[in-house]
Amino acid sequence: MKEGNFLWWHRAIIYQVYPRSFQDSNADGIGDLTGIVQRLDYLQTLGIEAIWLSPIFPSPMADFGYDVADYTAIHPIFGTMEDFDHLLKEALQRGIKILLDLVPNHSSSEHPWFRESRSAKDNPKRDWYIWKDAREDGSVPNNWLSVFGGSAWEWDEATAQYYYHGFLKEQPDLNWRNEELVEAMLGVMRFWLDKGVDGFRIDVLWHIFKSESFADNPPNPGFAPHMPGYDSLLTVNSTDQPEVQDIVKRMRNLTDAYKDRVLIGEIYLPYEKLMTYYGRNNDGIHLPFNFTLMGINWDAQTIASSILAYEQALPPNAWPNWVLSNHDRPRIATRIGEGQARVAAMLLLTLRGTPTLYYGDEIGMKDVHIPLDEQQDPQGLNMPELNISRDPARTPMQWDSTAQAGFTTGKPWLRIADDFADHNVEKQEEEVNSNLSLYKKLIRLRQTSPALLYGAYKQVYIDQQLLVYTRELMGHGGFLIVLNLSHEPATFDIPSEYGGNVVLSSTGGTYDWKDGLLKLPADEGLVIHTSTHLQD
Ligand code: GLC
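All residue numbers for the sequence shown refer to our numbering, where the first residue is 584 and numbers rise by one.
This is the structure:
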């Protein structure tokens, strides 16, 4: 891709705000839109150019907003449509784009569409959802399972049929084979795009089509008892059907009718399948989320080979992207520890492709232990034995050392980390070596360095501890990134052509570099400016 062809979302850093937990402005203990406005200056200073808001629509909150009861309104808990318009305006003034969460796979069972659909078999909206007769013995239509546990089929007494729900029974799946439903959902997209939102993160995009055969899913040979029951089957018939590609194209066409908008897809699939969502001719989703770094073993070999495999799998002209954490998985600092989380930040912000940050990761927030009687996430509550509640990764943002970490003056909806007085934005803003300072430096460096934004990725060296790569762009010089992905000191003989100077250290700089030999302490990452290399 030529430099002039880059768009804002190639350059931007996307920041995920989990609205319930970002900033409360009305003391109800739940974050809201006005709260987000209050923190826009912070995000601007951080160097964020786009925020993705997890769902803010009316919802019974069975799955914390991913059960939408009205796609074109705002949940009163978060504010009003005026508050949203205000947020859009204030964000725009600061050069920050707003992305919404589109949840097309399922609605809430409280959505008027579903109420109508379930009211009678001959209701015009019956076919907007997925209804099936029982088998002869009265049992469920097939063996498909819900991600949140148990069968994916729920019996409806009144109309004597089952409906399908890939998630909670309060989240009935919509029928994307019904053209009226498709039009309605595309209308939802137009509604928000007309308002000026800059795009969508599309929830569970690979789920929206199910095989027309409704054949049983086969057993998963790799299933182990510590896994959720959902993983006992290979979802070959219930997800990732070829028909999804037509809808992806229609979503893209619709979006292309507006200027400069972006579609990001939530898709958990192996690379070869993930890549199909870019579309045959880059006419699909702009950024199918790449969750590699959230799922792999954190060691140099695995990380290096995953990056190469991803880079190689990308279709021509497709733009890469990287994610470290989100609201569904344990936070990066919990998964790999504080020291490595800083190395991970360096990796995220020096890789080729759009980075997405999860709120709080920039201050090294960790998962907070939530006692069972305070847990709220249905995933955790439905499968308590598996310890997979998502609450720990969704706790309130830690802003300062005042009561409730500056998040609320009321009682927070989820408890706040015990050590918030030591780990918060205000404190870290003053410390030169804090997690936040590291993020700020990395972001500034990335955003002002064409080589880091657009340059090629080239692996230079790899061993059991180290991953070394360059990011270089013709005419702009380049960077050598040396990451010690282990908790032990490491050494690296820097090839002479990569001479330069260290511009950033993840620990604050206790490395030793003499006569070409670089000695790195444990958990150290360095960005070296190789200004003399590749000048033209
Ligand atoms: C996505 C969301 C998750 C939600 C699920 C069902 O995976 O990220 O939070 O529970 O979809 O909508």
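For glycine and all other residues, C-beta sits at the position ideal for the given N, C-alpha and C.
Remark: C-beta atoms of P643 and D786 do not approach each other more closely than 8 Å. For I1111, there is no enclosing alpha helix (DSSP H); the residue is found in the beta strand (DSSP E) stretching over G1108 to H1112.
In the three-state reduction of the DSSP assignment, L816 falls in the strand class, which pools E and B. The DSSP-derived three-state label of Q1048 is coil. Within 10 angstroms of the beta-carbon of D716 lie fewer than 16 other beta-carbons, which makes it exposed.
Between the C-alpha atoms of D1001 and Y1052 there is a straight-line separation of about 38 Å. Contact annotation: L997 and R973 have beta-carbon atoms that are not nearer than 8 Å.
Excluding sequence positions up to five before and after H1059, its CB lies within less than 6 Å of the CB of P1033 and A1034, all in the same chain and listed in chain order. When only Cα atoms are considered, S889 and T875 end up about 7 Å apart. DSSP lists Y746 as the beta-bridge partner residues of E737. When Cβ pairs closer than 8 Å are counted between the two stretches, the segment 887-904 is seen not to touch the segment 1024-1032, the count staying below three. For K672, the three-state secondary structure derived from DSSP is helix. Put simply, the backbone Cα of Q981 is about 7 Å away from that of F990. For H694, the Cβ stays outside the 7 Å cut-off from all heavy atoms of the ligand GLC. Membership of Y712 in any beta strand (DSSP E) is not indicated, and neither H nor E is assigned to it by DSSP. Out of M1057, S1069, I1045 and D1106, the CA that lies nearest to the CA of I1077 is found in I1045. The ligand GLC has no heavy atom closer than 7 Å to the beta-carbon of D823. Checking the 7 Å criterion, the Cβ of V1008 is out of range of every heavy atom belonging to the ligand GLC.
Closest by C-alpha distance to H658, out of K994, P638 and K672, is P638.
The C-alpha of K708 is placed about 24 Å away from the C-alpha of L728. In the three-state scheme derived from DSSP, where H, G and I count as helix and E and B as strand, L1087 is classed as strand.
Taking C-beta atoms under 8 Å as the contact rule, V831 and G867 qualify, at a distance of about 5 Å. The residue from S604, H593 and I596 with its alpha-carbon nearest to that of K994 is S604. For I919, the enclosing alpha helix (DSSP H) has its first and last residue at I915 to I919. The ligand GLC has a heavy atom closer than 7 Å to the beta-carbon of V686. Every alpha helix (DSSP H) stretch that sits fully inside the segment 746-781 and reaches 4 residues is listed by chain position as 762-778. Around the Cβ of R863, a 10 Å sphere holds fewer than 16 other Cβ atoms; the residue is exposed.
Below 8 Å, too few C-beta pairs join the segment 718-725 and the segment 750-758 to call them touching: fewer than three. Rounded to the nearest whole angstrom, the CA to CA distance from S1089 to L1103 is 11 Å. Here W881 is near L1068, since their CB atoms are less than 8 Å apart. Linking S702 to D710 through their CA atoms gives a straight-line distance of about 12 Å.
In the displayed model, H689 falls within a strand according to three-state DSSP. Contact between L932 and L1025 holds: their C-beta atoms lie close to 4 Å from each other, under 8 Å. Sequence-distant Cβ neighbours of L940 in its own chain, meaning closer than 6 Å and more than five residues away, are Y598. Taking the Cα positions, S794 is about 43 Å away from T617.
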